[in-house]
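Protein chains in written order, with this note's numbering: chain A, 1 to 293; chain B, 1 to 293.
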């Protein structure tokens, strides 16, 4: 029996249509529990051909607004950045809620706090950020595939995906890099990393960075605009510069794949002395309709 | 100013949702002429991330039903197979026509004749099929990247895309092949070919073939179900076996990328003694709604 569910395809981290990162969102909140198999969810995500397709369900934890399940064409993810922003935007549209200022999203990695600014920008607080050293040989192998120098020791950031953050001398060097994707895929696969976040600072006093995200071993040579990558980058910069106060970062991404993404990120000094890591931005609903399963 | 246009995403060469090859179709037939720039069409196709996105316009030749423009994420194509079937299916849905038995589609390569069977299957007659020899060195290089033997001399089929057809000993050998995509991309690019159509005959008397389509130099390692590839294959088989009578071929494709595509192809001996090449199959409308430009 075929089933018809509400469907949105949202452009994330942009206010200009088609210049951000798309995510397909299927509203399963009114579907009978268990009527859609995991196999079906995976085959839908394989078919949309987007880096991520998400499915909204009723939360199992009643303090949450919804539960999201996030799929790449190949597998399910515990958490991802732009799909979180796009799913929140879709949740607001599906439910007709216009005055909400915060949301609690349930996902496999845990509960994610989201806030909605007056201008409509949606931000999420990273559910988990851990930093780890990587071996000299891994660094050398990455450097060979990237063919550019790093200006600080690359490290591994666990933020859901496992990104190696590789800081280069400036924004232009980052933008102009032509990595060997086959080589990168080999190195990432060997060490069990998701991929590389390449970044370079723009000139001037502000914390403005050009960023690129390469995950060829996951089948995505270059992700247009990457939310979890922005968290990895500010987690890395916090560690590198020992940032202890609330600090804003502006990240641009996507120019080399004909997008113009903007991510607003923030290291936040919480009242309890802990640090948290927040990223967000604009989003635009591009496709609105229904999907037949 | 934003614009809202009717949108469909159609699954082609399957009757089972998510098991075919998707194409996004935007109905621009009621949009003011010239209001959408070529740049916009290209950026939409870049964003959907599908192998093809098509746009339906009023025909410039009044005997045609519609004009289609076909875009990959990177460029415009003069003709393509599964986007033609999907666009025809979308045209029928957009216009509410249910009793039409034939359509004339205008596209960059020329006018394409389509027929709609009583069971809803849509077939197209290939606008152009030409066969050409390729060099021994090209054949050797392809063989190295495919790592399997051919059972007849591979040739180049111009059917819009330029496919090298590579016939192997049987369907299983075709299904199990693990080509070196980076190697294939290099060879195709060097010789200016779109990619490789790999095929192997199934056991038994019928003309049943397993087929795979590789176009890594166009950014598509493996196309799930390929209409123009099916035309290239039957063009090649017609030449190889000197087929002069109307002959049916059944082609299955997509198993290795988790699809189950079925293409019905036919070499047709026309009354004037000419041969024509026809392919078609089922299609399912999966996403229905609107797109905001």
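For every residue, glycine included, the Cβ atom is placed at its ideal position computed from N, Cα and C.
Residue 27(B) (DSSP reduced to helix, strand or coil): Looking up residue 27(B) in the second chain gives position 27. Strand, per DSSP.
Going by DSSP, what residue range makes up the alpha helix (DSSP H) through residue 185(A)? Taking the first residue of the first chain as 1, we reach residue 185(A) at position 185. Note, residue 185(A): alpha helix (DSSP H), 181-191.
How far does the alpha helix (DSSP H) with residue 52(B) in it reach, from first residue to last? Here residue 52(B) refers to the residue found at position 52 when the second chain is read from its first residue. Run containing residue 52(B): none; DSSP gives neither H nor E here.
Can you tell me whether residue 44(A) is buried or exposed, with buried defined as 16 or more other CB within 10 angstroms of its CB? Taking the first residue of the first chain as position 1, residue 44(A) is located at position 44. When all chains shown are included, residue 44(A) counts as buried.
Assign residue 193(B) to one of two classes, buried (16 or more other C-beta atoms within 10 Å of its C-beta) or exposed (fewer than that). Your numbering for residue 193(B) matches position 193 in the second chain. Residue 193(B) comes out buried.
Mark residue 230(B) as exposed unless 16 or more other C-beta atoms lie within 10 angstroms of its C-beta, in which case mark it buried. Counting from one through the second chain, the residue named residue 230(B) turns up at place 230. So residue 230(B) ends up on the buried side.
For residue 88(B), is the classification buried or exposed, using 16 other Cβ atoms within 10 angstroms of its Cβ as the cut-off for buried? In the second chain, the residue the question calls residue 88(B) occupies position 88. So residue 88(B) counts as buried.
At a Cβ cut of 7 Å, what residues of the stretch 36-55 of chain B count as close to chain A, listed as they run along the chain? 43, 44, 46, 47, 49, 50
According to the neighbour-count rule (16 or more other Cβ atoms, all chains shown, within 10 Å of its Cβ), is residue 48(A) buried or exposed? Within the first chain, residue 48(A) is the residue found at index 48, counting from 1. Residue 48(A) comes out buried.
Three-state secondary structure assigned by DSSP to residue 87(A): One-based indexing of the first chain puts residue 87(A) at position 87. Residue 87(A): helix per DSSP, three-state reduction.
Which runs of the alpha helix (DSSP H) at least 4 residues long sit entirely within the stretch 211-272 of chain B? Give them in chain order. 227-241
Which residues mark the beginning and the end of the beta strand (DSSP E) in which residue 150(A) is found? For the purposes of this step, residue 150(A) is identified with residue 150 of the first chain, where counting begins at 1. Residue 150(A) -> no beta strand (DSSP E), and no H or E assigned at all.
Close beta carbons around residue 103(A), own chain, < 6 Å, minus the five adjacent residues each side: As a first step, residue 103(A) must be located in the first chain, where it is residue number 103. Cβ within range, chain order: 65, 88, 114.
Can you check whether the CB of residue 224(A) is closer than 8 Å to the CB of residue 27(A)? Numbered from its first residue, the first chain carries residue 27(A) at position 27. Numbered from its first residue, the first chain carries residue 224(A) at position 224. Not closer than 8 Å, so no.
Please confirm if the stretch 214-228 of chain B is in contact with the stretch 152-166 of chain B, defined as three or more CB-CB distances below 8 Å between the two stretches. yes
Could you name the residues of the same chain whose beta carbon sits closer than 6 Å to that of residue 200(A), not counting the 5 residues immediately before and after it, in chain order? The sequence position of residue 200(A) within the first chain is 200, counting from 1. Around residue 200(A): 168, 170, 171, 173, 174, 210.
Just to confirm, is the Cβ distance from residue 85(A) to residue 124(A) under 8 Å? Walking along the first chain from the start, residue 85(A) turns up at place 85. Walking along the first chain from the start, residue 124(A) turns up at place 124. Against a cut-off of 8 Å, the Cβ pair of residue 124(A) and residue 85(A) comes out as a contact.
Kindly identify the DSSP beta-bridge partner or partners of residue 124(A). Along the first chain, one-based indexing puts residue 124(A) at 124. Beta-bridge pairing links residue 124(A) to 114(A), 279(A).
Can you look up residue 32(A) in the DSSP assignment and give me helix, strand or coil? What you label residue 32(A) is simply residue 32 of the first chain in a count that begins at 1. Here residue 32(A) sits in coil by DSSP.
Along chain B, which residues have their Cβ under 7 Å away from the Cβ of residue 293(A)? The sequence position of residue 293(A) within the first chain is 293, counting from 1. Residues of chain B passing the Cβ test: 17.
Near residue 147(B), what residues of its chain come up, given a Cβ to Cβ distance below 6 Å and the 5 sequence neighbours on each side ignored? Walking along the second chain from the start, residue 147(B) turns up at place 147. So the list is empty, once near-sequence residues are dropped.
Please compile the residues from chain A whose C-beta is within a distance smaller than 8 Å of the C-beta of residue 295(B). Residue 295(B) is absent from the structure shown; chain B starts at 1 and stops at 293.
What beta strand (DSSP E) runs, 3 residues minimum, are completely inside the stretch 59-105 of chain B? 66-71
Between the CA atoms of residue 73(B) and residue 51(B) - distance to the nearest angstrom: Counted from its first residue, the second chain places residue 51(B) at position 51. Counted from its first residue, the second chain places residue 73(B) at position 73. Distance between the alpha carbons of residue 51(B) and residue 73(B) is about 7 Å.
In chain order, what residues of the same chain lie with their CB nearer than 7 Å to the CB of residue 63(A), ignoring the 5 residues before and after it? Here the question's residue 63(A) lines up with position 63 in the first chain. Result list for residue 63(A): 104, in chain order.
Could you list which residues in chain B have their beta carbon closer than 8 Å to that of residue 7(A), in chain order? Taking the first residue of the first chain as position 1, residue 7(A) is located at position 7. Near residue 7(A) (Cβ distances below 8 Å), the residues of chain B are 287, 289.
Using a Cβ cut-off of 8 Å, pull out every chain B residue sitting near residue 22(A), in sequence order please. In the first chain, residue 22(A) corresponds to position 22, counting from 1. Those within 8 Å of residue 22(A) in chain B are 47, 48, 49.
Per-residue DSSP class, three states only, for residue 176(A): The count along the first chain starts at 1 and reaches residue 176(A) at position 176. Residue 176(A) falls in the helix class under three-state DSSP.
Under 8 Å, Cβ to Cβ, is there at least one residue of chain A near residue 177(B)? Along the second chain, one-based indexing puts residue 177(B) at 177. Not closer than 8 Å to any Cβ of chain A, the Cβ of residue 177(B) fails to qualify, so no.
For residue 206(B), is the classification buried or exposed, using 16 other Cβ atoms within 10 angstroms of its Cβ as the cut-off for buried? For the purposes of this step, residue 206(B) is identified with residue 206 of the second chain, where counting begins at 1. So residue 206(B) counts as exposed.
Going by other Cβ atoms of all chains shown within 10 Å of its Cβ, with 16 needed for buried, is residue 91(B) buried or exposed? The residue labelled residue 91(B) in the question sits at position 91 within the second chain. Label assigned to residue 91(B): buried.
Provide the residue span of the beta strand (DSSP E) that contains residue 274(B), from first to last. In the second chain, the residue the question calls residue 274(B) occupies position 274. Careful: residue 274(B) lies outside any beta strand (DSSP E) and carries neither H nor E.
Beta-carbon separation of residue 251(B) and residue 265(B) under 8 Å? Here residue 251(B) is taken as the residue at index 251 of the second chain, counted from 1. Here residue 265(B) is taken as the residue at index 265 of the second chain, counted from 1. It is a contact, given that the beta carbons lie within the stated cut-off.
Less than 8 Å between the CB atoms is what I'm expecting for residue 195(A) and residue 213(A), so what's the real figure, rounded? The count along the first chain starts at 1 and reaches residue 195(A) at position 195. The count along the first chain starts at 1 and reaches residue 213(A) at position 213. With 8 Å as the limit, residue 195(A) and residue 213(A) qualify as a contact, their Cβ atoms being about 6 Å apart.
Rounding to the nearest angstrom, what Cα-Cα distance links residue 218(B) and residue 257(A) in this structure? Counted from its first residue, the second chain places residue 218(B) at position 218. Counted from its first residue, the first chain places residue 257(A) at position 257. Taking the straight line joining both Cα atoms gives about 15 Å.
Residues that residue 18(B) bridges to, as DSSP identifies them: Taking the second chain and counting its residues from 1, one reaches residue 18(B) at position 18. None, per the DSSP bridge assignment.
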